[in-house]
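Only one structure is covered here, and it is reproduced in the block below.
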Amino acid sequence: MTEQLAFFMGPSPEPEGLRYAADFVSPEAEQELIRHVAALPLQPFQFGQYEGKRRVASFGFSYDYTLRRLREAKPIPDWLAPTIKEVEAFGGQGTLIRQVLCTEYDVGVGIGWHRDKPHFDRIFGLSLGSACKFRFRRSAGEKWQRFTLDAAPRSLYMMSGASRQVWEHSIPAVEAPRYSITFRTMAEPRT
Ligand SMILES: O=C(O)CCC(=O)C(=O)O
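Under UniProt numbering, think of the first position of the sequence shown as 1, with each following residue one higher.
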C-alpha cells in the first residue's frame, strides 16, 4: 500500500482478537495490588545473558531463555485469586489462568517488540499505577501496519487470535512508574 493510500484509509483497524476493559479494578484494589507487587522479590528481566530494565516475578511457570523452555515457578499467590477469578470470567467459559507475571516499569523503562512465547495461549494484562501506549505492529509488505491502544491504569486488555499470534506488541518508555500483572492461559500441547 502506498503511504498516500494508507493516509486516505486512516489508521490501521484494531487487531483482531484484542479486547479492552476500562476500570477493570477499583482504585482501592489497584492500590492493594500495587502494594503486593512492590513487596515481591522482583528481579531484572533475564533473557539469556542479557538483563532488561523492567523488574519481574513469575508464578506458575517462567520461560528460561537460556534453556529455551518453560520451567515451573512458585505457585500463584493467594492474594491474586480474586483478580484471577474476574479475569477468567472476562475471558469466558474454559478460561484457566496458569501463569502470572508481575512487572515493574520505572520511569524511562519499556518493553521491546515481541510476541509472547508459543507455550501460552491468551494473554490478559492489567495496568496499574499509570497509563501506557500499548503498541502493535504487523508487517504489511515492506511497511508496518500499526495500532496503539491507550492502556489506562486499572484497565485490562486481552490478546487472542491475530492480536496475539500475528501482531507484535511493545511499550515505549513510560513517563510515570507503571506496574502490570499479565495472566496467561496455556496453549494446547503440540502433537
Ligand atoms: O506490561 C505489559 O502490559 C505487557 C508485558 C509484556 O508484553 C510481556 O511481559 O510480554
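We treat Cβ as the ideally placed atom computed from N, Cα and C, and that holds for glycine. Quantities reported herein were computed from a predicted structural model and do not represent experimental measurements.
Ranked by how close their Cα comes to the Cα of Glu28, the residues Phe147, Gly92, Thr83 have Thr83 in first place. Judged by beta-carbon spacing, Ser170 lies beyond the 7 Å limit of Ile76, meaning their Cβ atoms are not closer than that value. Judged by the Cβ position, Thr182 qualifies as a neighbour of ligand 1 at the 6 Å threshold, a heavy atom of the ligand being closer than this. Contact between Lys133 and Pro172 holds, since their C-beta atoms are separated by about 6 Å, short of 8 Å. Spatial neighbours of Ser26 in its own chain (CB-CB distance under 8 Å, excluding positions within 5 residues in sequence) are listed in chain order as Arg154.
Annotation: Leu33 is outside any beta strand (DSSP E); the continuous alpha helix (DSSP H) that includes it extends over 27–38. Taking C-alpha positions only, Glu51 is separated from Pro44 by approximately 6 Å.
Taken through DSSP and simplified to helix, strand or coil, Ser127 comes out as strand. Two segments are said to touch when three or more pairs of C-beta atoms, one from each, lie closer than 8 Å; by this definition the region 30–39 touches the region 173–183.
Under the DSSP assignment, Arg164 falls in the alpha helix (DSSP H) whose first and last residues are 161–165. In terms of Cβ geometry, Gly161 and Gln99 do not form a close pair [threshold 7 Å].
A direct Cα-to-Cα measurement between Glu14 and Phe147 gives close to 6 Å. Using a Cβ-Cβ distance cut-off of 8 Å, the region 121–136 and the region 87–96 are in contact, since at least three pairs of beta carbons, one from each stretch, lie closer than that value. Boundaries of the alpha helix (DSSP H) around Ile84: 81–91.
Rounded to the nearest whole angstrom, the CA to CA distance from Pro177 to Asp23 is 18 Å. Here DSSP, grouped into helix, strand and coil, assigns Asp116 to coil.
For the options Arg137, Gly94, Thr95, Val107, the alpha carbon positioned closest to that of Gln165 is the one of Arg137. Between ligand 1 and the CB of Thr148, the shortest heavy atom gap is not smaller than 6 Å.
Around the beta-carbon of Glu104, 16 or more other beta-carbon atoms lie within 10 Å, marking it buried.
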